[in-house]
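Chemist: Here the protein sequences come in this chain order: A and B.
Residue numbers for the first sequence follow the working numbering, beginning at 60 and rising by one.
Residue numbers for the second sequence follow the working numbering, beginning at 5 and rising by one.
Ideal Cβ positions, reconstructed from N, Cα and C, are used throughout, including at glycine.
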Amino acid sequence: MDPLFGHGIDLTIVLIVIGKTLATFVVLLLGVLLLIWYERKLISDMQNRIGPNRAGPYGILQTLADGIKLFFKEDLLPEQADRRVFRLAPYLSAVPAFAAFAVIPLGGSVSIAGHRTFLQLADPPVGVLFLLAMSSIAVYGTMLAGWSSGSKYPLLGGVRASAQAISYEGAMSLAIAAAVLIAGTLSTHGIVADQAGKGYLRGLLPKWNLFTVGVVPVVIYVIAATAEINRPPFDLVEADSELVGGFHTEYSSVRFALFYLAEFMNTITVSAVAITLFFGGPNGPEILGLGGWSGFLWFLIKEILFLSVYVWIRATLPRFRYDQLMDLGWKRLIPVALYWLLLIAALRVGQDQGWNAALVIGIGIGAGALAWGLLGLAARTGAEQAAEDALGLGEVRA
Amino acid sequence: MAQYLPLLAMLILATVFAGGSFLASGLLAPKRPTLAKAAPYECGIVPDREPAERFPVRFYLVAMIFIIFDIEIIFLYPWAVIFRQLKGFGIFEMVLFTVAVFVSLVYLLANGALDWGPAKRLMATPTVDPAGARDPRRTSSSTVRRIGPTGKEAA
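#1: Would you kindly work out how many angstroms separate the C-alpha atoms of Met324 (chain A) and Val148 (chain B), rounded to a whole number?
#2: What do you reckon, are the CB atoms on Val198 (chain A) and Thr335 (chain A) nearer than 7 angstroms?
#3: Between which two residues does the alpha helix (DSSP H) carrying Ile102 (chain A) extend?
#4: Quick check on Ser108 (chain B) - is its C-beta less than 7 angstroms from some C-beta in chain A?
#5: Examine chain B for any beta-carbon lying closer than 7 angstroms to the beta-carbon of Glu454 (chain A), and answer yes or no.
#6: Mind checking which residues open and close the beta strand (DSSP E) that includes Phe177 (chain A)?
#7: For a cutoff of 7 angstroms on Cβ pairs, would you count Gln444 (chain A) as touching chain B?
#8: Enumerated in chain order, which unbroken segments of the alpha helix (DSSP H) with a length of 4 residues or greater are wholly contained in the region 299-383 of chain A?
#9: With three or more beta-carbon pairs closer than 8 angstroms as the criterion, would you say the region 290-310 of chain A touches the region 66-85 of chain A?
#10: Taking the C-alpha atoms as reference points, what is the distance between Ile372 (chain A) and Ile151 (chain B)?
#11: Which residue marks the beginning of the alpha helix (DSSP H) containing Ile69 (chain B), and which one marks its end?
#12: Quick test of your reading: Val85 (chain A) and Trp352 (chain A), contact by CB under 8 angstroms. State the CB separation rounded to the nearest angstrom.
#13: Go ahead and label Leu9 (chain B) buried or exposed: buried means 16 or more other beta carbons lie within 10 angstroms of its beta carbon, across all protein chains shown.
#14: If you draw a straight line from the C-alpha of Pro183 (chain A) to the C-alpha of Gly65 (chain A), how long is it?
#15: Would Phe26 (chain B) and Val332 (chain A) qualify as a contact pair, given that the criterion is a beta-carbon distance under 7 angstroms?
#16: Beta carbons nearer than 7 angstroms to chain B: which residues of the region 196-213 of chain A have them?
#17: If you measure from the beta carbon of Tyr45 (chain B) to each beta carbon in chain A, is any gap under 7 angstroms?
#18: Is Leu264 (chain A) helix, strand or coil when you go by DSSP?
#19: Where does Ser473 (chain A) land, buried or exposed, given buried means 16+ other C-beta within 10 angstroms?
#20: Is the region 396-406 of chain A in contact with the region 268-275 of chain A, if contact means three or more CB pairs nearer than 8 angstroms?
#21: Would you identify the three-state DSSP class for Val278 (chain A), choosing helix, strand or coil?
#22: Using a Cβ-Cβ cut-off of 6 angstroms (strictly less than) and excluding sequence neighbours within five positions of Gly90 (chain A), which residues of its own chain qualify?
#23: Within the continuous alpha helix (DSSP H) that includes Ser146 (chain B), where are the two ends?
#24: In whole angstroms, give me the CA-to-CA distance for Asn112 (chain A) and Ile95 (chain A).
#25: Rounded to whole angstroms, what is the Cα-Cα separation between Phe73 (chain B) and Trp83 (chain B)?
#26: Could you tell me how far apart the beta carbons of Thr80 (chain A) and Met14 (chain B) are, in whole angstroms, since I believe they sit closer than 8 angstroms?
#27: Pick from A:Asn342, A:Leu92, A:Gly421 and A:Ile363: whose alpha carbon is nearest that of Pro265 (chain A)?
#28: Which partner residues does Val169 (chain A) have in the DSSP bridge list?
#29: Please list, in chain order, all residues of the same chain as Gly171 (chain B) whose beta carbon is under 7 angstroms from its beta carbon, the five residues on each side excluded.
#30: Short check: CB of Ile77 (chain B) to CB of Ser232 (chain A), under 7 angstroms?
#31: Interface residues of chain B around Gly137 (chain A) at Cβ under 9 angstroms?
#32: According to DSSP, simplified to helix, strand and coil, what is Tyr259 (chain A)?
#33: With the cut-off set at 7 angstroms, would you say Glu98 (chain A) and Val281 (chain A) are in Cβ contact?
#34: Note down, one range per segment and in chain order, each beta strand (DSSP E) of at least 3 residues found wholly within the region 168-237 of chain A.
#35: If the cut is a Cβ gap below 8 angstroms, which residues of chain A does Met98 (chain B) touch?
#36: Between the beta-carbon of Ala437 (chain A) and the beta-carbon of Leu113 (chain B), is there less than 7 angstroms?
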């Protein structure tokens, strides 16, 4: 709960809210501007070329130039398109991307005009659920954009996108639930506050959820979130070698710019969520002379590291094939995430109740092995079944 | 409810930003539509049929299976917040619920509902007799026509 709203609302508080909203908005847009430049520059370094270097020092204004250029480009409306939905889709993609960033804690608490407030736009009691809801709504933007274009490639891209996004949403939600389990709250500020204090190994390791829940949910979250925002190696939605531009093939001008913007805003948000849930958010040793603002610096450092990893992944890994993608999501990530969640919960309750830890772990491992074996058996049977069906169909056609 | 006020402000600001961008583009951008520009993109070819209205049933299946897991997740979140107060009873109930969902996943997998793999993998690959496939008279010197640096065949 943000202490700003502790004593009713007056004009100053409304002004502070408006100021904070504008500040968050500008931070996010600036972040996207710099991220696109950083990504292009870093990838070109990795691929042994120069990258953007004309607009501004080191080409840092390239994104701005591209954005301004897009305003002067003709906005095409395909004749086959469903006009209303075609115009609605960019909103559905961009607005949730802005809103999701609002619940990210960017720093500790500071004083503005005599009011204590968090360095985060909003801290609703259901913060984590709000994030999940926004990521679900963003799927509509992609899907409707593909469907309403009235063209072949966008339709295929849109259908793929929605199937991919909902497949990985399960794994992502289960991984996030692990962080909720530890903190016992859905508020993002609460989850960060829970990770403060003395850590493990006599304070050598920070008390981050990364170490508390084990590495498994973190890895699952990062993979699933990458798939959720359609970044490489999960960018099947806009697989340019087979689907031209995917769901935004028919979009031009500012409408295309908004999709592009939303994609990079989602990248920033997803990294920020990972930091919030598993890497202690803006927690860190206080930097001298900065007071409450040192948290923001820590947040920035972690964010830049995380984004660099995302760019690195993009430069390194080839794209998945669609069946590999679906197999990874349903047959690996979801069962493992679910299993790990129940195991942590059982261990925690066992600790409280004084159950025999070895017994709990033993039962856990036994149940896990049984489930894994069953899953493998089912997958093999299913593959044979599918192959038989397909072969039968082949005979009829021949 | 005051905690949601900034979220509302952000939603309004984002909508205004998107709307403003469209407005600005409408004022700044040229408008010269032609038939070719308005046609569906098809790499330059005039499309001879409407976009497909039917696509593989597996996409629908995925959407339906997703609902099962979404329900599971909806029940997991409140439990995750208060699972310590629910103690052993909560764990037992959640394990029971998870087993029910897991069994349905196993059933779906065993039916091949989530199998997207290419079926060709299991088809018998045609066997080629290596001896018959290779003619001793066909070598790289007899099948490749050599041209020199001048681009003409050697006389």
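Modeler: In this structure, then:
#1: By 1-based counting over the first sequence, the position of residue 324 (chain A) is 265. By 1-based counting over the second sequence, the position of residue 148 (chain B) is 144. Rounded to whole angstroms, the gap between the alpha carbons of Met324 (chain A) and Val148 (chain B) is 55 angstroms.
#2: Looking up residue 198 (chain A) in the first sequence gives position 139. Looking up residue 335 (chain A) in the first sequence gives position 276. Contact flag unset, no.
#3: Here residue 102 (chain A) refers to the residue found at position 43 when the first sequence is read from its first residue. Per DSSP, Ile102 (chain A) belongs to the alpha helix (DSSP H) from Leu70 to Met105.
#4: Position 104 of the second sequence, counted from the start, is the residue given in the question as residue 108 (chain B). No - not a single Cβ of chain A is within 7 angstroms of the one on Ser108 (chain B).
#5: Stepping through the first sequence from its first residue, residue 454 (chain A) is reached at position 395. The pLDDT assigned to Glu454 (chain A) is 48, lower than 50, so where the model puts this residue is not dependable, and the model offers no usable value.
#6: For this step, residue 177 (chain A) is matched to residue 118 along the first sequence. Boundaries of the beta strand (DSSP E) harbouring Phe177 (chain A): His174 to Phe177, taken from the DSSP string.
#7: Counting from one through the first sequence, the residue named residue 444 (chain A) turns up at place 385. With 7 angstroms as the cut-off, Gln444 (chain A) counts as an interface residue toward chain B.
#8: DSSP assignment within the region 299-383 of chain A yields the following whole alpha helix (DSSP H) runs of 4 residues or more, N-terminal first: 299-302, 312-337 and 353-375.
#9: Segments in contact, no.
#10: Walking along the first sequence from the start, residue 372 (chain A) turns up at place 313. Walking along the second sequence from the start, residue 151 (chain B) turns up at place 147. Their Cα atoms are separated by approximately 45 angstroms.
#11: Working through the second sequence from its first residue, we reach residue 69 (chain B) at position 65. It spans Val61 to Ala114 - the alpha helix (DSSP H) in which Ile69 (chain B) sits, taken as one unbroken run.
#12: To locate residue 85 (chain A), count along the first sequence from 1; it is residue 26. To locate residue 352 (chain A), count along the first sequence from 1; it is residue 293. Between Trp352 (chain A) and Val85 (chain A) the Cβ distance is about 16 angstroms, and since that is not below 8 angstroms, they are no contact.
#13: Your numbering for residue 9 (chain B) matches position 5 in the second sequence. Per the 10 Å Cβ criterion, buried.
#14: Here residue 183 (chain A) refers to the residue found at position 124 when the first sequence is read from its first residue. Here residue 65 (chain A) refers to the residue found at position 6 when the first sequence is read from its first residue. Rounded to the nearest angstrom, the two C-alpha atoms are 13 angstroms apart.
#15: Stepping through the second sequence from its first residue, residue 26 (chain B) is reached at position 22. Stepping through the first sequence from its first residue, residue 332 (chain A) is reached at position 273. Going by C-beta atoms, Phe26 (chain B) is not nearer than 7 angstroms to Val332 (chain A).
#16: Flagged, chain order: Gly209, Ser210, Lys211 and Tyr212.
#17: Counting from one through the second sequence, the residue named residue 45 (chain B) turns up at place 41. Output row for Tyr45 (chain B): interface = yes.
#18: Numbered from 1 along the first sequence, position 205 holds the residue referred to as residue 264 (chain A). Leu264 (chain A): strand per DSSP, three-state reduction.
#19: Outside the shown range of chain A (60 to 457) lies residue 473 (chain A), about which nothing can therefore be said.
#20: Taking a cut-off of 8 angstroms for Cβ pairs, the region 396-406 of chain A and the region 268-275 of chain A touch, as three or more such pairs fall below it.
#21: Counted from its first residue, the first sequence places residue 278 (chain A) at position 219. Correct three-state label for Val278 (chain A): helix.
#22: Indexing the first sequence from 1 puts residue 90 (chain A) at position 31. Taken in chain order, the residues that qualify are Ile327.
#23: Here residue 146 (chain B) refers to the residue found at position 142 when the second sequence is read from its first residue. Under the DSSP assignment, Ser146 (chain B) falls in the alpha helix (DSSP H) whose first and last residues are Ser144 to Thr147.
#24: To locate residue 112 (chain A), count along the first sequence from 1; it is residue 53. To locate residue 95 (chain A), count along the first sequence from 1; it is residue 36. Going by the C-alpha atoms only, they are around 13 angstroms apart.
#25: One-based indexing of the second sequence puts residue 73 (chain B) at position 69. One-based indexing of the second sequence puts residue 83 (chain B) at position 79. So the alpha carbons of these two residues sit roughly 15 angstroms apart.
#26: Numbered from 1 along the first sequence, position 21 holds the residue referred to as residue 80 (chain A). Numbered from 1 along the second sequence, position 10 holds the residue referred to as residue 14 (chain B). The Cβ separation is near 5 angstroms, so the contact holds.
#27: For the purposes of this step, residue 265 (chain A) is taken as the residue at position 206 of the first sequence. It is A:Asn342.
#28: Within the first sequence, residue 169 (chain A) is the residue found at index 110, counting from 1. Looking at the DSSP assignment, Val169 (chain A) forms a beta bridge with A:Thr176.
#29: Outside the shown range of chain B, which is 5 to 159, sits residue 171 (chain B), and nothing can be said about it.
#30: Position 73 of the second sequence, counting from 1, holds the residue named residue 77 (chain B). Position 173 of the first sequence, counting from 1, holds the residue named residue 232 (chain A). Yes. Within cutoff.
#31: Numbered from its first residue, the first sequence carries residue 137 (chain A) at position 78. This sequence places Pro at residue 137 (chain A); Gly is not what is there. In chain order: Lys41, Ala42, Ala43, Pro44 and Tyr45.
#32: Numbered from its first residue, the first sequence carries residue 259 (chain A) at position 200. In the structure shown, Tyr259 (chain A) sits in a strand (DSSP, three-state: E or B).
#33: Counting from one through the first sequence, the residue named residue 98 (chain A) turns up at place 39. Counting from one through the first sequence, the residue named residue 281 (chain A) turns up at place 222. Cβ atoms of Glu98 (chain A) and Val281 (chain A): not closer than 7 angstroms.
#34: The beta strand (DSSP E) runs lying completely inside the region 168-237 of chain A and spanning 3 residues or more are 168-171 and 174-177, given in chain order.
#35: For the purposes of this step, residue 98 (chain B) is identified with residue 94 of the second sequence, where counting begins at 1. Among the residues of chain A, those whose CB is under 8 angstroms from the CB of Met98 (chain B) are Leu401 and Ala404, following chain order.
#36: For the purposes of this step, residue 437 (chain A) is identified with residue 378 of the first sequence, where counting begins at 1. For the purposes of this step, residue 113 (chain B) is identified with residue 109 of the second sequence, where counting begins at 1. Closer than 7 angstroms, so yes.
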